[in-house]
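S.K.:
In UniProt numbering, the protein residues as written are 1 to 97.
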């Protein structure tokens with residue numbers, strides 16, 4: 001790589017990381033507040049939804065998946081979908097006991 005190619009490629013700035021961190025803190029506060037409300041089985045659903053959003057923020061920005069090619073993104077997505085299916089089966093099992 002010559003010098004021009006190195007100067008054109010910039011990673012994400014610190015401002016983006018601070019914004020993502022602030023978003024993670026807000027989502028953590030929302031998780032704590034929702035846990036104090038009795039929603040029955042929807043407590044688990046809301047907690048898992050918020051946790052999934054937080055995990056996707058970490059994966060896309062802090063682990064730089066946003067800047068990878070589509071093949072790696074697809075493989076990670078398939079792994080998460082399979083994980084979600086297994087977790088979903090676990091919830092169906094515990095909900096029907």
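Just so you know, even glycine gets a beta-carbon here, dropped at the ideal spot from N, CA and C.
(1) Could you say which of 52, 83, 43 lies nearest to residue 27 if we only look at CA atoms?
(2) Assuming residue 34 is part of the alpha helix (DSSP H), what are its boundary residues?
(3) Answer yes or no: do residue 20 and residue 57 have a C-beta to C-beta separation smaller than 8 Å?
(4) For a test of the three-state rule: what should DSSP assign to residue 41, helix, strand or coil?
(5) Using the C-alpha atoms, what's the distance from residue 75 back to residue 46?
(6) By how many angstroms is the C-alpha of residue 94 removed from the C-alpha of residue 15?
(7) So the alpha helix (DSSP H) residue 73 belongs to, where does it begin and stop?
(8) Could you round the C-beta distance between residue 77 and residue 54 to whole angstroms and report it? I think they count as a contact, below 8 Å.
M.R.: Well, looking at it:
(1) 52
(2) 14 to 35
(3) yes
(4) coil
(5) 26 Å
(6) Using only the alpha carbons, I get a separation of about 42 Å.
(7) 70 to 95
(8) Wrong, their Cβ atoms sit about 17 Å apart, outside the cutoff.
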